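Number of protein chains: 4
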Amino acid sequence: MQEPTERPPTRAVLMDAALAVFTEQTYGGAAVAEVAKRAGMSVGTLYRYFPSKEALGNAVFQRWKGMLVERIAGSGDEPARVMFARMWRLVLDFADEAPDAFAFLEFQQHEGYLDAESVALSERVSAAGEEFVARGQRTGEIRAGDPAMLLALVYGALVGLIKARRGGLKLGAAELEASERAAWALLAAEN
Amino acid sequence: MQEPTERPPTRAVLMDAALAVFTEQTYGGAAVAEVAKRAGMSVGTLYRYFPSKEALGNAVFQRWKGMLVERIAGSGDEPARVMFARMWRLVLDFADEAPDAFAFLEFQQHEGYLDAESVALSERVSAAGEEFVARGQRTGEIRAGDPAMLLALVYGALVGLIKARRGGLKLGAAELEASERAAWALLAAEN
Amino acid sequence: MQEPTERPPTRAVLMDAALAVFTEQTYGGAAVAEVAKRAGMSVGTLYRYFPSKEALGNAVFQRWKGMLVERIAGSGDEPARVMFARMWRLVLDFADEAPDAFAFLEFQQHEGYLDAESVALSERVSAAGEEFVARGQRTGEIRAGDPAMLLALVYGALVGLIKARRGGLKLGAAELEASERAAWALLAAEN
Amino acid sequence: MQEPTERPPTRAVLMDAALAVFTEQTYGGAAVAEVAKRAGMSVGTLYRYFPSKEALGNAVFQRWKGMLVERIAGSGDEPARVMFARMWRLVLDFADEAPDAFAFLEFQQHEGYLDAESVALSERVSAAGEEFVARGQRTGEIRAGDPAMLLALVYGALVGLIKARRGGLKLGAAELEASERAAWALLAAEN
DNA sequence: AATGAATGAGCATTCATTCAT
DNA sequence: GATGAATGAATGCTCATTCAT
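Here it is as structure tokens:
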């Protein structure tokens with residue numbers, strides 16, 4: 322009888338390798354063979370798990386976009402201020418734990434190869450974000466204005482912060498706190 | 322009688338075509354032949370003006386990064402609040418007038434091919450931004466905190482806004498005003 | 322039942338094709354695609370076996386230069402006269418059996434692409450030849466003079482002979498004998 | 322009225338440049354543009370003087386092959402021994418004065434592009450050589466055997482010598498003398 | 001299931017040749 | 001006559017994808 326085993330799930334190994342290579346070289350600039358090599362497998366095996374480079378790209382995109390959305394999904398009825406603080410931290414944690422994933426998702430352009438499902442997922446994420454803003458507006462905590470616009474601003478700020486850190490900017494816990502407060506000021510209803 | 326001339330400056334035509342193709346397909350995903358075709362020229366001609374794809378990429382990058390920095394360069398001794406409003410508008414205008422250029426510069430990852438000069442130019446831009454923040458902090462208009470961090474946040478917010486607009490978000494003049502006010506709140510010293 | 326196998330050793334097939342094409346068109350004038358076609362393979366396959374045209378050129382050069390040197394290597398303590406006769410015949414045989422190889426090696430100029438190893442091999446061959454001449458001089462069989470010079474003369478004569486045969490000159494066994502005697506006269510100590 | 326002038330004859334300048342480039346890089350490996358640049362002219366000008374790369378190659382070949390044949394042409398009724406000594410020296414001088422030309426003519430393979438005229442010229446040269454050998458045989462000075470074979474041997478020896486010198490072999494006047502004596506031994510009738 | 005050799009279209013780049021100025 | 005910009009086919013090389021083992 323065989324042990325339940327603990328083999329590294331091939332698909333996941335491939336996706337990790339793909340993420341690394343895509344992040345370094347861009348989806349367009351990455352070679353499938355390089356992904357396979359990085360995963361310690363043959364190209365043939367890669368193609369047993371993913372029918373094409375495009376499919377691989379989408380799988381990676383969806384996996385991490387999904388991971389990200391899962392993190393920040395839980396809502397509840399907390400005040401927007403509290404929820405925002407939590408989300409800010411969660412995304413920052415995500416970017417710390419999976420910096421390549423965040424870079425791949427947010428610092429690159431994916432237009433050329435994303436399939437319908439990937440696009441739908443992205444839209445679901447935005448919708449959730451806008452929903453959060455709208456709710457905060459309804460409770461008077463968040464300033465008036467197109468929720469999509471406000472979301473674009475704060476999320477942009479967050480992405481900018483993470484990009485700067487990836488570029489070498491060192492920030493202590495206090496400063497991270499400060500960044501969150503500043504970002505909230507962007508959102509907060511004027512006194 | 323004819324005006325002294327109006328020749329299409331070949332180099333510029335090529336760089337425009339390159340910008341369009343790079344923006345659509347990413348530097349890594351773009352084919353040099355496609356750039357030449359889009360410019361209405363042969364590949365050979367492209368290579369008479371640029372020694373390599375890399376050189377072309379850097380030329381495009383530097384041209385537009387330079388353009389952008391030129392726009393927002395003028396400083397003066399105005400209050401930070403005024404200066405910020407002007408800059409916000411200027412970058413927005415730039416992105417309206419040259420949307421591909423902005424997308425190419427700010428929505429993509431360039432790490433793989435940028436040369437020293439391109440990198441230096443990018444750094445000069447950041448330095449100018451940080452200088453602006455630092456000055457505002459000295460006058461008490463801008464909140465305390467690492468200037469690089471604050472710059473990353475606001476510039477990220479601006480990029481996020483422009484990305485959202487490129488993605489289809491429609492905003493009127495009033496809302497653009499509002500976005501600027503919100504962004505300033507991020508920067509402004511807490512009263 | 323089948324013999325253990327007889328697969329065409331891909332590398333060797335490629336090198337044979339390369340030799341043929343290089344001999345016909347010169348290394349510089351040969352197209353890699355033509356080599357692949359002649360070998361009945363795709364370009365991609367060629368590049369799986371040789372990292373570059375240069376590497377292919379060097380591999381072909383070294384294979385045949387090595388073959389040639391192997392042929393004429395064995396020395397022994399025979400009189401120079403005997404040894405010379407044998408070598409003359411061996412090189413002639415080599416040129417008969419592998420006329421393209423000899424032409425490639427000796428009728429062309431390789432300066433541009435030969436790597437260190439190829440150059441070293443060539444030098445080893447010359448050194449062996451000079452050693453033969455020097456030994457013959459020590460025994461008084463071969464005339465005085467710079468061994469390198471004498472080697473250049475006889476080997477040149479041999480190459481000239483083979484080139485003429487390749488150009489259409491027909492020689493019977495007796496005449497080949499005569500050529501050897503004449504060449505030896507060049508070398509022989511004056512009575 | 323115009324001065325007889327002394328402009329550098331464009332055609333000759335081009336042919337000199339071509340010789341240099343062909344010698345360095347082989348006809349097949351040489352770029353027409355490089356020839357033009359080396360000649361200090363534009364490609365357009367080159368093409369005004371030579372209708373194609375092939376034509377240029379043949380012109381260069383014929384010019385120098387012609388030069389060489391001219392040198393060694395004069396016959397007279399001298400003894401073969403004397404004539405041989407003179408020719409040996411003349412070719413050596415030619416190779417000293419125009420080393421690139423000799424290398425181009427004799428160290429390379431030209432099969433691919435030589436036209437009928439070039440081939441005819443080469444044949445005329447051989448014929449003259451064979452005639453010299455035949456005459457020497459008639460006077461009993463040169464050993465018996467196919468004149469083409471004997472010519473191939475001595476001329477090969479001479480080419481070998483010059484190639485070795487080009488490769489770095491240094492020879493004094495005495496050794497050059499010795500080389501000539503050795504080469505004559507190859508030809509000389511066995512007493 | 002896994003491998004990696006094989007394929008050939010595609011890519012960046014070069015080159016012989018033409019032609020408007 | 002001279003120039004060199006322009007052309008596009010050809011070159012060396014890479015890459016996504018397939019398939020026999």
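Chains as they are written, first to last, in this note's numbering: chain A, 322 to 512; chain B, 322 to 512; chain C, 322 to 512; chain D, 322 to 512.
Idealized CB from N, CA, C, for every residue including glycine.
Treat the numbers as computed from the prediction; the structure is a model and nothing was measured.
Checklist entry - At what residues does the alpha helix (DSSP H) containing A/TYR368 begin and finish? => result Residues 364-370.
Item to check | Members of the segment 337-349 of chain B near chain A, C-beta cut-off 9 Å | outcome: Listed in chain order, the positions of the segment 337-349 of chain B with a beta carbon within less than 9 Å of a beta carbon of chain A are THR344, GLU345, GLN346, THR347, TYR348, GLY349.
Next on the checklist: Pop quiz: A/LYS484 and A/PHE415 are said to be a contact at Cβ under 8 Å. What is the actual Cβ separation, rounded to whole angstroms?
Outcome noted: Actually they are not in contact, since the Cβ atoms of A/LYS484 and A/PHE415 sit about 14 Å apart, beyond 8 Å.
Next on the checklist: Between the alpha carbons of C/TRP505 and C/MET404, how many angstroms are there, rounded?
Outcome noted: Pairing C/TRP505 with C/MET404, the inter-Cα distance amounts to about 11 Å.
Item to check | Closest residue to A/ALA333 among A/GLY361, A/TYR348, A/ALA354, A/GLU345 (Cα-Cα distance) | outcome: For the residues A/GLY361, A/TYR348, A/ALA354, A/GLU345, the minimum Cα distance to A/ALA333 belongs to A/GLY361.
Checklist entry - Along chain D, in chain order, which residues have C-beta atoms closer than 7 Å to that of C/ARG464? => result Here the neighbours are ALA503.
Item to check | Residues, ordered as in the chain, of the segment 452-480 of chain A that lie near chain B by beta-carbon distance below 9 Å | outcome: Of all residues in the segment 452-480 of chain A, ARG464, ALA465, GLY466, ASP467, ALA469, MET470, LEU471, LEU472, ALA473, LEU474, VAL475, TYR476, GLY477, ALA478, LEU479, VAL480 have a Cβ within less than 9 Å of some Cβ in chain B.
Checklist entry - Using a Cβ cut-off of 7 Å, which residues of the segment 413-432 of chain C contact any Cβ in chain D, in chain order? => result Look at the segment 413-432 of chain C: the residues with a C-beta under 7 Å from a C-beta of chain D are PHE428, GLN429, GLN430.
Next on the checklist: Taking the alpha-carbon of D/TRP385 as reference, which of D/SER443, D/LYS358, D/ALA469 has the nearest alpha-carbon?
Outcome noted: The alpha carbon of D/TRP385 has as its nearest neighbour, out of D/SER443, D/LYS358, D/ALA469, the alpha carbon of D/SER443.
Checklist entry - For chain B, is any of its Cβ atoms less than 7 Å away from the one on A/LEU490? => result Output row for A/LEU490: interface = yes.
Checklist entry - Near B/ALA341, which residues of its chain fall below 8 Å by C-beta distance, leaving aside the five closest residues on each side in sequence? => result Beyond the five residues adjoining it in sequence on each side, B/ALA341 comes within less than 8 Å, by CB distance, of ARG359, ASP421 in the same chain, given in chain order.
Checklist entry - Hey, is the segment 390-404 of chain B in contact with the segment 457-465 of chain B, meaning 3+ C-beta pairs nearer than 8 Å? => result Here the segment 390-404 of chain B lies against the segment 457-465 of chain B, with 3 or more beta-carbon pairs under 8 Å apart.
Checklist entry - Closest to D/THR347 by CA distance: which of D/VAL440, D/PHE453, D/LEU508, D/ALA424 is it? => result In terms of Cα proximity to D/THR347, the closest of D/VAL440, D/PHE453, D/LEU508, D/ALA424 is D/ALA424.
Checklist entry - Between A/GLY450 and B/VAL480, is the Cβ-Cβ spacing less than 7 Å? => result Cβ atoms of A/GLY450 and B/VAL480: not closer than 7 Å.
Checklist entry - What are the start and end residues of the alpha helix (DSSP H) that includes A/GLY450? => result Unbroken alpha helix (DSSP H) run through A/GLY450: 437-459.
Item to check | Between the CA atoms of D/PRO330 and D/GLU375 - distance to the nearest angstrom | outcome: Taking the straight line joining both Cα atoms gives about 21 Å.
Checklist entry - Rounded to the nearest angstrom, how far is the Cβ of C/SER439 from that of C/PHE382, given a contact under 8 Å? => result Taking C-beta atoms under 8 Å as the contact rule, C/SER439 and C/PHE382 qualify, at a distance of about 5 Å.
Checklist entry - Thinking C-beta only, is B/GLY466 closer than 7 Å to A/ALA499? => result Yes. Within cutoff.
Checklist entry - Which residue comes first and which comes last in the alpha helix (DSSP H) that contains C/LEU426? => result From DSSP, the alpha helix (DSSP H) with C/LEU426 extends over 420-427.
Checklist entry - Out of D/LEU474, D/ARG445, D/LEU367, which has the shortest C-alpha to C-alpha gap to D/GLY387? => result Among D/LEU474, D/ARG445, D/LEU367, the Cα nearest to that of D/GLY387 is on D/ARG445.
Item to check | Proximal chain A residues relative to B/SER500, where beta-carbon distance stays under 7 Å | outcome: For the C-beta of B/SER500, the chain A residues within less than 7 Å are, from N- to C-terminus, MET470, LEU474.
Next on the checklist: Under 7 Å, Cβ to Cβ, is there at least one residue of chain D near C/GLU391?
Outcome noted: Not closer than 7 Å to any Cβ of chain D, the Cβ of C/GLU391 fails to qualify, so no.
Item to check | Identified DSSP bridge partners for A/ALA473 | outcome: Per DSSP, none; premise fails for A/ALA473.
Next on the checklist: I believe C/LEU507 touches C/LEU474 by the beta-carbon criterion, under 8 Å. Please report the beta-carbon distance rounded to the nearest angstrom.
Outcome noted: The pair is a contact, with the Cβ atoms about 6 Å apart (cut-off 8 Å).
Checklist entry - In the DSSP assignment, what are the bridge partners of B/ALA509? => result B/ALA509 is bridged by DSSP to B/ILE463.
Checklist entry - For C/ALA363, which residues of its own chain have a beta-carbon under 7 Å away from its beta-carbon, when the five flanking residues on both sides are left out? => result Per the sequence shown, residue 363 of chain C should be read as Ser rather than Ala. Cβ neighbours of C/SER363 beyond the five flanking positions: ALA357.
Next on the checklist: Using a Cβ-Cβ distance cut-off of 7 Å, determine whether A/GLU438 contacts chain B.
Outcome noted: Contacts with chain B at 7 Å (Cβ-Cβ) do not include A/GLU438.
Item to check | Where the alpha helix (DSSP H) through D/ALA394 begins and ends | outcome: Per DSSP, D/ALA394 belongs to the alpha helix (DSSP H) from 374-394.
Next on the checklist: Distance cutoff 7 Å, beta carbons only. Does B/GLU327 sit that close to anything in chain A?
Outcome noted: Residue confidence for B/GLU327 is low, a pLDDT of 45 falling below 50, so the modelled location carries little weight; the figure read from the coordinates is stated next. False, the Cβ-Cβ gap to chain A never drops below 7 Å.
Checklist entry - Shorter than 7 Å from the beta carbon of D/ALA506 to some beta carbon of chain C? => result So yes, D/ALA506 belongs to the interface.
Checklist entry - Does the beta carbon of D/ALA485 sit closer than 7 Å to a beta carbon anywhere in chain C? => result It does: the Cβ of D/ALA485 has a partner Cβ on chain C nearer than 7 Å.
Next on the checklist: Within 7 Å of any Cβ in chain B, is that where the Cβ of A/ALA510 sits?
Outcome noted: Answer no: the Cβ-Cβ gap between A/ALA510 and chain B never drops below 7 Å.
Item to check | Cβ-based burial, D/GLU511 [other Cβ within 10 Å; buried from 16] | outcome: Answer is exposed; the Cβ neighbour count stays below 16.
Item to check | Within chain C, the residues that D/PHE482 reaches when beta carbons sit closer than 9 Å | outcome: Note that residue 482 of chain D is Leu in the sequence shown, not Phe. Neighbours of D/LEU482 on chain C, chain order: MET470, ALA473, LEU474, GLY477.
Next on the checklist: For D/GLY349 and C/GLY349, which I take to be in contact (beta-carbon distance under 8 Å), what is that distance rounded to the nearest angstrom?
Outcome noted: Confirmed, Cβ separation roughly 4 Å.
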